Amino acid sequence: MIKSPIKLLSAWSTFFTYPNLGDSRLRTLLYFSLFMFTGLFSTSRGIPPLIIILKAFGTTVSIIVFVYALGDAMDADMDKFNPRKSQRPVPSGRMTRDEALLLSALGGVLSIAISLTINLWAMTIILASMGLGFSYSVPPIRLKRRFLMKETTLTTGLILSMLFGSTAVGKIPGSIFLPGLFLTIVGLILYPSFLDAEDIQADSMGGCKTLAMILNQRRRLELSTFGLLVIMVTTTLTYGYFGLNMICPILTVFASLMFLRYLFPLLIAPEEECKGEILKRGISIFRTFVFLVPLGFILGSLQL
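In my numbering, each residue's number is its place in the sequence shown (first place is 1) plus 15.
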C-alpha cells in the first residue's frame, strides 16, 4: 500500500544507499546524460541555451527513473535469489512493488511533460525510449531474455538518448555518425566483453542470453581490439569532414591507446589469467574510455 509521496521519495533514495547499486545507477545516469549532451552539442555547435540544457537533463533523469523502477518491479521475484541484486529496494522489502510501479509511472509522465515543452520530435524520441524500456523488462516481450537483445537494447537506448539531445536544439546533423558508430561498437562489442563478462552468472539466473555467454574471453578480447582500432582510425580520418575540431581525435586516440595498452598483453596471455582482478581493471579502463571519447565529441563540436 502506498503511504504518501514522502514515502515514495524516501523509498527511491534507497536506490542509492548501497554503494555498488548506487554507483551503478549514478554511472548509468552519467553515461546517458553524456551521450544526450553529445547530441545537444553536436547539433548546436556551441553552448546551447541553459533552459534547453536543464530541460534535456531533467528529461534524462526522469526516463532513467522510469526504466529502473519498472525493471526493479518486474524483476523483484528473481532478484531475491540473486546475491548481486537482492539488496535492491523491492526485493529487500524497502519499497513495495506498487510503489516502484507508481514511481516508474511518475518518471514516465514527467519525462513526457518536460520533453513536450521542448518540441514534438524530442517527445517522440522519449516515447520511443519509454517503449524500449517497457519492452526490455515487461513480459511477455521481455527483450532482456532474448538472444543479444540485452546488448542491442542498451545500444539503442544510448543512441536514442543522443538523438533526443540533438532534436532538442535542431535537426540531426551528419556528425552524429561518429558517436553513433562509437556507441554501436561499445554496446555490441566492448560492453559484452567486460561488464557482461562479469555478470554471466547473474544474467544466466535472470534468463538473459548475452554474447559473453557464447564467446570465450579470448574471442571477446579480439573483438574489442578490432572495435577500438575501428573507432580510432575512423575518427582520425573523418573528424574534419564532420566539422569537428582537433580535440575530438586527440581524446579518442588517447583513450583508445590507453585501452589497447591493457588489451594487447591479454591477447597473448593464457585465458585463465584474464579473470578476477585483471577483468576488474579492464572494467575500470572501459568506463574511463566510455567517458573520455564522448567528452571528445562534445568538446570537438565547439567552434574554437
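All C-beta atoms, glycine included, are put in the ideal place defined by N, C-alpha and C.
Here the structure is a predicted model, which means the values were calculated and not measured.
Return the first residue and the last residue of the alpha helix (DSSP H) that residue i is part of.
i    : result
T139 : L135 to S152
F257 : Unbroken run through F257: none, as it is neither H nor E.
P188 : Per DSSP, P188 belongs to no alpha helix (DSSP H) and is neither H nor E.
A227 : L226 to I229
M164 : M164 to T182
L116 : R112 to L131
Going by C-alpha to C-alpha distance, which of the options sits closest to residue i?
i    : options                   : result
T58  : I246, T182 and L307       : T182
Y46  : L266, R296, A115 and L198 : L198
I265 : R276, T251, F257 and G255 : T251
I78  : T53, I68 and L147         : L147
A120 : G172, M164 and F149       : F149
R235 : R112, Y83, G202 and G255  : G202
I140 : R161, L41, S219 and S176  : S176
S48  : G61, R60 and V76          : V76
L196 : L307, I246, E114 and T267 : I246
V308 : C263, I300, L317 and G297 : C263
G258 : S208, F301 and F312       : F312
T170 : S219, I156, V184 and I200 : I200
L44  : L275, F209 and F306       : F306
N134 : K186, F162 and L116       : K186
N231 : T168, L244, V248 and F209 : F209
L142 : L178, I62, R109 and D92   : L178
F192 : A227, T132, T253 and V153 : T253
F301 : L117, L317 and Y277       : Y277
I156 : C223, R112 and T267       : C223
G108 : D92, L310 and A227        : D92
D113 : A137, L158 and L85        : L85
L322 : R296, M51 and G61         : There is simply no residue 322 to check, as the chain begins at 16 and stops at 319 in what is shown.
Quick one: is residue i buried, meaning 16 or more other Cβ sit within 10 Å of its Cβ, or exposed?
i    : result
I174 : buried
Y256 : exposed
T303 : exposed
M164 : buried
P64  : exposed
D90  : buried
D87  : buried
L319 : exposed
I12  : Beyond the ends of the chain as shown, which are 16 and 319, falls residue 12; an answer cannot be given.
P280 : exposed
F162 : exposed
V184 : buried
V248 : exposed
G315 : buried
M16  : With a pLDDT of 43 at M16, under the threshold of 50, the modelled position of that residue is not reliable, and the figure given next carries that caveat. Exposed is the call here.
L131 : exposed
L244 : exposed
K18  : Confidence is the limiting factor: at K18 the pLDDT is only 48, short of 50, which leaves the residue's position unreliable, though a coordinate-based value still follows. By the neighbour-count rule (16 or more Cβ atoms within 10 Å), K18 is not buried but exposed.
G242 : buried
G297 : buried
S299 : exposed
S219 : exposed
M138 : buried
M110 : buried
Am I right that residue i and residue j are in contact with their C-beta atoms under 8 Å? What's the rounded C-beta distance?
i    : j    : result
L282 : E237 : 7 Å
S239 : L272 : Not quite, the Cβ-Cβ distance comes to about 14 Å (not below 8 Å), so this is no contact.
E166 : P207 : 5 Å
Y83  : R40  : 6 Å
F81  : G123 : 4 Å
F189 : L55  : It should be noted that the sequence gives Gly, not Phe, for residue 189. Not quite, the Cβ-Cβ distance comes to about 16 Å (not below 8 Å), so this is no contact.
I129 : T168 : About 23 Å separates the two Cβ atoms, so there is no contact after all.
G172 : S126 : Actually they do not touch by this definition, with Cβ atoms about 13 Å apart.
P104 : K95  : Incorrect: roughly 12 Å between the Cβ atoms, too far for contact.
L275 : G61  : Incorrect: roughly 33 Å between the Cβ atoms, too far for contact.
Shorter than 9 Å from the beta carbon of residue i to some beta carbon of chain B?
i    : result
L230 : Reference to chain B is not applicable here, since this structure consists of a single protein chain.
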